[in-house]
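A quick write-up on the structure given underneath.
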Amino acid sequence: MGQKWLISGSPGCGKTTWILNKIQSNQGACGYLRLTEQANNNKEKSPESLIDYTFLKDQAPHLQDLSDCSDTSMSQQKDFLILIELSQSQSPESLEPAELNPYVKSQLEALGLQPDRQLHFGRDSELPNNDTLVFKKLESWSLNLAKRVWDPQSLNTFWFELVNGAYGDVYRAKALMNLPDGQSIFFNWIVSQKGSQFLPLKTVSPPNGRPQRPSGIVIQGKGLDCINIQSTINLCLLNDSLLEMHQMPLRDRQPEALHAS
Numbered sequence: 003m004g005q006k007w008l009i010s011g012s013p014g015c016g017k018t019t020w021i022l023n024k025i026q027s028n029q030g031a032c033g034y035l036r037l038t039e040q041a042n043n044n045k046e047k048s049p050e051s052l053i054d055y056t057f058l059k060d061q062a063p064h065l066q067d068l069s070d071c072s073d074t075s076m077s078q079q080k081d082f083l084i085l086i087e088l089s090q091s092q093s094p095e096s097l098e099p100a101e102l103n104p105y106v107k108s109q110l111e112a113l114g115l116q117p118d119r120q121l122h123f124g125r126d127s128e129l130p131n132n133d134t135l136v137f138k139k140l141e142s143w144s145l146n147l148a149k150r151v152w153d154p155q156s157l158n159t160f161w162f163e164l165v166n167g168a169y170g171d172v173y174r175a176k177a178l179m180n181l182p183d184g185q186s187i188f189f190n191w192i193v194s195q196k197g198s199q200f201l202p203l204k205t206v207s208p209p210n211g212r213p214q215r216p217s218g219i220v221i222q223g224k225g226l227d228c229i230n231i232q233s234t235i236n237l238c239l240l241n242d243s244l245l246e247m248h249q250m251p252l253r254d255r256q257p258e259a260l261h262a263s
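Residues in the sequence shown are numbered consecutively from 3, following the working numbering.
Here it is in C-alpha cells:
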C-alpha cells in the first residue's frame with residue numbers, strides 16, 4: 003500500500019525542493035497535490051499551484067497530478083508515494099501534528115486522502131529550518147501569466163527591482179516566466195537567501211507564437227505596491243508584433259527535437 007504525506011510550512015521554507023528530492027529518490031510512482039489554507043471560490047488553479055506542479059513535473063516527468071483526480075486507487079499500489087504540499091502562514095503552537103482546518107480537510111476528503119504522516123517545517127527535525135520564516139501576517143499578491151511572454155532585459159530589471167524593495171518589503175517571490183526563445187525560467191527568491199535562483203525548465207516551446215504552458219508570479223511580503231507591480235509587469239510583456247520580431251529569426255535555429263508545446 004502506498005504512503006500519503008502532508009508537508010506543511012511557511013512560504014519559502016523549502017517545501018517544494020524537499021518534495022522534489024523525495025520524488026526523485028522514491029523507487030515507485032509519485033503523485034502530487036498542493037493545498038491552500040483558505041478556500042478559493044475561483045475554479046481555476048492558483049498561480050502558485052501551477053508554478054509548483056509545472057516545476058516538479060519538468061524535473062520529474064513521471065509525477066502524477068492529483069489535484070483533479072477522484073480515482074485514488076493508485077494510492078493502494080506498492081511504493082506509490084503521494085506528497086501533499088500545504089503553505090501555512092503560522093507554525094503550529096504544539097509539537098504534535100496540527101489539527102487541519104475545515105477547508106484543508108474537505109479537500110482531502112473529496113479526494114479520499116487521509117495522510118499517513120504530517121511533517122511541518124520548523125517543527126520536525128528531519129526537515130531543514132534555515133529558511134523557515136517567522137511572522138504574524140504576510141500580504142500576498144499573485145498573477146496568472148498564461149500565454150504572456152517577457153522582454154528579457156525588462157524582466158531582469160523588474161526582478162532586480164522587486165527583490166530589492168522597489169515595490170515594498172518582499173519576503174518571498176517565485177515565478178515561471180516565458181521568454182521569446184521558447185524557454186521558461188523558474189525564478190525563486192526568499193529574504194533569508196543571498197541571491198535569486200534562476201532555473202530554465204528542460205522543456206522548450208517552439209518560437210512560434212504564445213506558449214500554452216502555465217506561467218505566473220507569486221509575491222509575499224509587507225507594504226506591497228500591487229498597483230505599480232501590475233503596471234510595471236504590463237510594460238515588460240511583449241505584444242504580438244514585438245513577439246514576432248523576436249521569434250522570426252529563431253525559428254530556423256532551434257532543433258526540432260527540443261520543441262514541445
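Idealized CB from N, CA, C, for every residue including glycine.
Review point. Looking at the unbroken beta strand (DSSP E) that takes in residue 230, where does it start and where does it end?
Key: Where residue 230 is concerned, there is no enclosing beta strand (DSSP E), although the alpha helix (DSSP H) it sits in stretches over 228-238.
Review point. Taking just the CA atoms, how far does residue 59 sit from residue 240?
Key: If you take the alpha carbons of residue 240 and residue 59, they lie about 27 Å apart.
Practice item. Report the rounded CA-to-CA distance for residue 16 versus residue 130, giving the unit in angstroms. Key: For residue 16 and residue 130, the distance between alpha carbons rounds to 8 Å.
Exercise for review: Work out the CA separation of residue 127 and residue 212 for me, nearest whole Å.
Suggested key: For residue 212 and residue 127, the distance between alpha carbons rounds to 44 Å.
Review point. Measuring CB to CB, does residue 26 end up less than 8 Å from residue 81?
Key: No, Cβ-Cβ distance for residue 26 and residue 81 is not below 8 Å.
Check your understanding: In this structure, does DSSP put residue 106 in helix, strand or coil?
Key -> In this structure, residue 106 counts as helix in the three-state DSSP scheme.
Check your understanding: How long is the line joining the alpha carbons of residue 238 and residue 149, rounded to whole angstroms?
Key -> A direct Cα-to-Cα measurement between residue 238 and residue 149 gives close to 14 Å.
Practice item. Could you please give me the residues that DSSP links to residue 32 through a beta bridge? Key: Answer is 83.
**Study point:** Range covered by the alpha helix (DSSP H) that runs through residue 161
**Key:** Counting along the chain, the alpha helix (DSSP H) containing residue 161 begins and ends at 154-165.
Check your understanding: Which residues in the same chain as residue 54 place their Cβ atom closer than 7 Å to its Cβ, once the five residues preceding and following it in sequence are excluded?
Key -> Closer than 7 Å at the Cβ level, and outside the excluded window around residue 54, lie 18, 36 and 87.
Check your understanding: Do you know offhand how far residue 4's Cα is from residue 103's?
Key -> Rounded to the nearest whole angstrom, the CA to CA distance from residue 4 to residue 103 is 24 Å.
Review point. Should residue 173 and residue 230 be called a contact, given that it needs their Cβ atoms to be closer than 8 Å?
Key: At a Cβ-Cβ threshold of 8 Å, residue 173 and residue 230 do not count as neighbours.
Review point. Which residue's Cα is closest to the Cα of residue 147: 112, 219, 166 and 51?
Key: Among 112, 219, 166 and 51, the Cα nearest to that of residue 147 is on 219.
Practice item. Write down the C-beta distance between residue 196 and residue 116 rounded to the nearest angstrom, noting that I regard them as a contact closer than 8 Å. Key: Distance from residue 196 to residue 116 at the Cβ level is roughly 40 Å; contact not present, criterion being Cβ atoms closer than 8 Å.
Point to revise | Inter-residue Cα distance where the pair is residue 207 and residue 250 | key: Annotation: residue 207 to residue 250 spans about 14 Å, alpha carbon to alpha carbon.
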